[in-house]
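*Asks:* Positions 123 to 319 (our numbering) are the ones given, in order, by the sequence shown. Please see the structure below; I have some questions.
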Amino acid sequence: MRRFLVLLCFFFPPLAGAQYPNKPVKIIVPFAPGGASDFVARILQPRMGELLGQQIVIENRPGASGNISMEAAERSDPVGYTVYLGNIGTIAINTGVFPNLRVDPVKDFISITRVVDLPGVLVAHSAFPPDTFKEFFDYVKANPGKMNYAQPGSGSQNRLEMENLRKTAGGMQMVHVPYKGGAGPAVAALAAGETQG
């Protein structure tokens, strides 16, 4: 029932009160600008603003694999002016990786909707020799520990996907290079040639 009421108030503002919203609405993004979560928020921003008739402010709060942003969202006034754009990492993975979280996503938040499904994509710097997955696999197997890859944090979904790939593909040895702030800084490092993948 609680979820239904939140949905009702969000999508039918007149039912929540004649003056809602009467100030800007904030979307808290758990990662730095330039990554997938930030991109999704910026796609939502104009239409959300149009529907609500208010300015939509995006606040990027990177750090601690999204835990800093979750704490900021949890401390916000719970009256409908803050939306947290969490993902599988911040809402589910972090609870298993960080034993002393100050926020319990299941108890402290109400899920409104799934906004988007973001696929995992394996990309490499243009100077990296392999052009196909088979060539990539053969290269990594022939050069154990020489290939490095950027990831947005040790407990991120991206890191877990790479670990799964590494193990299911016969124990490929690659060097994990964690980047603070999410996929944006990791992709920037890849584009600059700081990492190979």
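Using N, Cα and C, we set each Cβ at its ideal position, and we do this for glycine too. Computed from a predicted model, the values in this text were never measured in an experiment.
1. For Ala-264, which three-state DSSP category applies?
2. With 16 other CB atoms within 10 Å as the buried threshold, where does Phe-255 fall?
3. Output needed for Ala-313: all residues of its chain with C-beta closer than 8 angstroms, excluding positions within five of it in sequence on either side, in chain order.
4. From what residue to what residue does the beta strand (DSSP E) around Lys-148 run?
5. Starting from the C-beta of Tyr-206, find all residues in its chain whose C-beta is less than 6 angstroms away, skip the five residues before and the five after it, and write them out in chain order.
6. Which ranges would you report for the alpha helix (DSSP H) in the segment 161-200 if only whole runs of at least 4 residues count?
7. Evaluate contact between the segment 220-229 and the segment 288-298, counting only Cβ atoms and requiring at least three cross-stretch pairs below 8 angstroms.
8. Classify Asn-308 as helix, strand or coil using the three-state DSSP reduction.
9. Taking DSSP as the reference, what is the three-state secondary structure of Asn-209?
10. List the residues that DSSP assigns as beta-bridge partners of Gln-273.
11. Thr-204 by DSSP, collapsed to three states: which one?
12. Less than 6 angstroms between C-beta atoms, sequence neighbours within five positions excluded: which residues of the same chain meet that for Gly-156?
13. Could you check if Ser-276 is buried or exposed, using at least 16 other CB atoms within 10 Å of its CB as the buried criterion?
14. Just the C-alpha distance for Gly-238 and Gly-208, rounded to the nearest angstrom, thanks.
*Replies:* Short version:
1. As a working note, residue 264 is residue 142 in the sequence shown. Reduced to three states, the DSSP call for Ala-264 is helix.
2. Position 133 of the sequence shown, counted from the start, is the residue given in the question as residue 255. The residue in question, Phe-255, is exposed, as its Cβ has fewer than 16 Cβ neighbours within 10 Å.
3. Here residue 313 corresponds to residue number 191 of the sequence shown, with the count starting at 1. The beta carbon of Ala-313 is closer than 8 angstroms to those of His-247 in its chain, skipping five residues each way along the sequence.
4. Reading the sequence shown from its first residue, position 26 is the one you call residue 148. Unbroken beta strand (DSSP E) run through Lys-148: 147-151.
5. Along the sequence shown, one-based indexing puts residue 206 at 84. Counting only Cβ-Cβ distances below 6 angstroms, and skipping sequence neighbours, we find Ile-150 and Ala-195.
6. For the segment 161-200, whole alpha helix (DSSP H) runs of length 4 or above, ordered along the chain, are 189-197.
7. No: fewer than three Cβ pairs fall under 8 angstroms.
8. Here residue 308 refers to the residue found at position 186 of the sequence shown. Here residue 308 turns out to be Ala, not Asn, going by the sequence shown. Three-state result, Ala-308: helix.
9. As a position in the sequence shown, residue 209 is number 87, starting the count at 1. Three-state result, Asn-209: coil.
10. Taking the sequence shown and counting its residues from 1, the one referred to as residue 273 is at position 151. DSSP, once it has assigned bridges, lists Pro-300 as partnering Gln-273.
11. In the sequence shown, residue 204 corresponds to position 82, counting from 1. Here Thr-204 sits in strand by DSSP.
12. Here residue 156 is taken as the residue at index 34 of the sequence shown, counted from 1. Cβ neighbours of Gly-156 beyond the five flanking positions: Gly-306.
13. Within the sequence shown, numbered from 1, the residue matching residue 276 stands at position 154. It counts as exposed.
14. Here residue 238 is taken as the residue at index 116 of the sequence shown, counted from 1. Here residue 208 is taken as the residue at index 86 of the sequence shown, counted from 1. Reading off the sequence shown, one finds Val at residue 238, where the question assumed Gly. Per the coordinates, the alpha-carbon of Val-238 lies some 11 angstroms from the alpha-carbon of Gly-208.
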